[in-house]
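Numbering (our numbering), first residue to last: -17 to 442. Worksheet: the structure to be examined is printed underneath.
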């Protein structure tokens, strides 16, 4: 986010008493505390992965649509890296203290929360991509400041606010069009809602015409409340969004509700048949209908739309549409969609280097709970290719190959790989203590005290 600057701040702004800052300080500390919690949970300081961001409460559309609307609020305090949180908190401090002095701390909190939720509701409904950050809420503060500027009796103060904020607004939106990943939908939603709510809150003292403003302010407050409720409700089920139907259709397939999935597939064909997420749903429907060749073709088209690079495309597609987890006994989630995307990505990448993607596809085949996806035999050559691509330098990738060897009847060779990892102290990417546990497990396999996990453990 860019920041408003002025070579010579207007005297009207200089005269403001900015001593009352408790609300701004509270919001700033909450943002910083959330970032600290994410770091303690293992997130990278400079670039937080979307996995960590979603775990912390980012506005992931698929999860919002599946019953987690609270993410529209928590996303206002989640950031994707040090510079992201530092810049947003700095701008929040600059503008928040100003608005707090003008309308009070409690009203500032209301503007931040309501505008932030509204902005993310707009973003989830229109863009349908995972998003997070305080900037939508900060733009709500900007909108409220513009409302104050329009109602201020002190015309010099009003003009000073507009002169200070206008370059900031223009520069930030221009940056959003030029730089990928900046959420202009959340910014615009926050700005508009902040202005409406700010207009409603700014009554009585400081208003140019208290009677007129009191009436219009009540209308603005009621209108903002109704508008917020409508956006929250629509963002939970945006029926005009093709990606909503894609995600809902994939969820229906995961729940074995083929007819429901077909209904959503009909909607994505009507709304946006060439959208990447829509193509993934259509591919899954064709796969379930017994047409794997057409399913593969559609999945390939989808991946190319997500990103020209197959590895990045697979990562983005699975994160948005088919996330999976591990409950300790095996992988769970919409693994058939993930497996379909794996097949397409492996075909697209061919012999090119893509160690992370190949490693994930191999692990999926090794530990999927769904017996239709689990395939230890098919995992072994993919795991070997991943190790070759990484030149054996990534401990997590070598570990996958060791498991694949063990599950294919060669625990001794797998154990040798793990012993080498331990001797060279290359277990850094693996969870603490995990390498030792795996070494002990493979030792039991070698001795015959334990059987390999080659049989599917059943569907979740």
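Every residue, glycine too, gets a C-beta built ideally from N, C-alpha and C.
Among all the DSSP beta bridges, which residues are the ones paired with residue i?
i: residue 41; result: 113
Measuring CA to CA, which of the options is closest to residue i?
i: residue 180; options: 241, 362 and 199; result: 199
i: residue 225; options: 23, 264, 371 and 353; result: 264
i: residue 12; options: 30, 58, 47 and 50; result: 58
i: residue 109; options: 259, 331 and 291; result: 259
i: residue 370; options: 338, 351 and 359; result: 338
i: residue 93; options: 163, 9 and 155; result: 9
i: residue 276; options: 325, 301 and 378; result: 325
i: residue 365; options: 126, 382, 350 and 378; result: 382
i: residue 317; options: 95, 375 and 344; result: 344
i: residue 417; options: 427, 89 and 397; result: 397
i: residue 428; options: 394, 415, 406 and 422; result: 394
i: residue 90; options: 4, 62, 291 and 242; result: 4
i: residue 149; options: 273, 128 and 230; result: 128
i: residue 433; options: 15, 202, 25 and 388; result: 388
i: residue 175; options: 102, 23, 305 and 228; result: 102
i: residue 375; options: 361, 24, 341 and 271; result: 341
i: residue 52; options: 100, 169 and 32; result: 100
i: residue 170; options: 98, 304, 48 and 25; result: 98
i: residue 67; options: 284, 50, 197 and 35; result: 35
i: residue 112; options: 155, 164 and 65; result: 164
i: residue 64; options: 269, 283 and 16; result: 16
Where does residue i sit, in a helix, a strand or coil, going by DSSP?
i: residue 141; result: helix
i: residue 426; result: helix
i: residue 168; result: helix
i: residue 60; result: coil
i: residue 433; result: coil
i: residue 242; result: helix
i: residue 221; result: coil
i: residue 34; result: helix
i: residue 106; result: helix
i: residue 67; result: helix
i: residue 188; result: With a pLDDT of 45 at residue 188, under the threshold of 50, the modelled position of that residue is not reliable, and no figure is offered here.
i: residue 369; result: helix
i: residue 201; result: helix
i: residue 29; result: coil
i: residue 292; result: helix
i: residue 279; result: helix
i: residue 13; result: helix
i: residue 418; result: helix
Using a threshold of 7 Å, state whether the C-beta atoms of residue i and residue j are closer than that.
i: residue 321; j: residue 355; result: yes
i: residue 147; j: residue 120; result: no
i: residue 348; j: residue 380; result: no
i: residue 390; j: residue 358; result: yes
i: residue 173; j: residue 206; result: no
i: residue 6; j: residue 115; result: no
i: residue 152; j: residue 131; result: no
i: residue 412; j: residue 378; result: yes
i: residue 313; j: residue 350; result: yes
i: residue 167; j: residue 105; result: yes
i: residue 182; j: residue 203; result: yes
i: residue 361; j: residue 327; result: no
i: residue 254; j: residue 231; result: no
i: residue 301; j: residue 20; result: no
i: residue 456; j: residue 229; result: Given a span of -17 to 442 for the chain in the structure shown, any question on residue 456 remains unanswerable.
Let me check you understand the geometry: is the CB of residue i closer than 6 Å to at least one non-hydrogen atom of the ligand MN?
i: residue 330; result: With respect to the ligand MN, the structure offers nothing, as it holds no ligand at all.
Within 8 Å, do at least three Cβ pairs link the region 78 to 96 to the region 36 to 44?
No, the region 36 to 44 is not in contact with the region 78 to 96.
Would you check if the region 136 to 144 and the region 155 to 162 touch, i.e. whether three or more CB-CB distances between them fall below 8 Å?
no
How do the region 234 to 247 and the region 211 to 221 stand: do at least 3 beta-carbon pairs fall below 8 Å, yes or no?
Segments in contact, no.
Are the region 198 to 216 and the region 20 to 40 touching, with three or more C-beta to C-beta distances below 8 Å?
The region 198 to 216 makes no contact with the region 20 to 40; the number of CB pairs closer than 8 Å stays below 3.
Pairing CB atoms from the region 62 to 82 with CB atoms from the region 331 to 345, are three or more of them under 8 Å?
Fewer than three pairs of CB atoms, one per stretch, sit closer than 8 Å, so the region 62 to 82 makes no contact with the region 331 to 345.
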